[in-house]
Amino acid sequence: MSKTAIAYKEKMKEISVFSLLCSCLYPERRKNMMDDFEDLNIKPINKRASGQAFEVILKAASPVSDAAHCITSPPKRDISLEDIQKKLEAAEDRRKSQEAQVLRTLAEKRDHERDVLVKAMEENSNFSRMAEEKLQMKMEQIEENRMAYMAALMERLQEREKHAQEVRRNKELREEVTA
């Protein structure tokens, strides 16, 4: 065996953190664990550019060592009818609370949509009212301008008529004076 394979085998025999904890709690397990690595076979594979490669062959597990390493799960607790009913009630409560939360969210969205629609309608009516008021003011201004124009026109017409009467009177007076 090459030096690197021997070094690797020695590293494998070192105690890991897990085995150290186990050895503190169960001193007899440390000896068994060290025995597990005794039949470790390491074969070096051709050297590579990226480093060294090894093939680690472990001894086949024996029935005796299987029993020693087997960790059993905690025994299952018998579930009573009351426990099942409590779990079902808790699930039903969760479902109802989630449903209520969804309904609250939908109601909030609906209220928000209603508020937006009311605001849009108010803005639309305000715009319509302002446009109508502007139009009304413009129409009143146009009417005032028209009345002022008509009054000025009538005044000029009356002045012209006065002037025409004066001219006629002067003409008649001249005709009477010359006649």
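Residue numbers for the sequence shown follow the working numbering, so the first one is 120 and each next one is one higher.
The C-beta atom is built at its ideal place from N, Cα and C for all residues, glycine as well.
With 16 other Cβ atoms within 10 Å as the buried cut-off, status of residue i
| i | result |
| --- | --- |
| residue 195 | exposed |
| residue 290 | exposed |
| residue 293 | exposed |
Per DSSP, cross-strand counterpart(s) of residue i
| i | result |
| --- | --- |
| residue 221 | According to DSSP, which records beta bridges pairwise, residue 221 is partnered with nothing at all. |
| residue 172 | 164 |
Contact with chain C by residue i, beta-carbon distance below 8 Å
| i | result |
| --- | --- |
| residue 286 | Looking for chain C here will not work: only one protein chain is present. |
- prompt: Going along the chain, which unbroken runs of the beta strand (DSSP E) with 3 or more residues stay wholly within the stretch 223-265?
  reply: none
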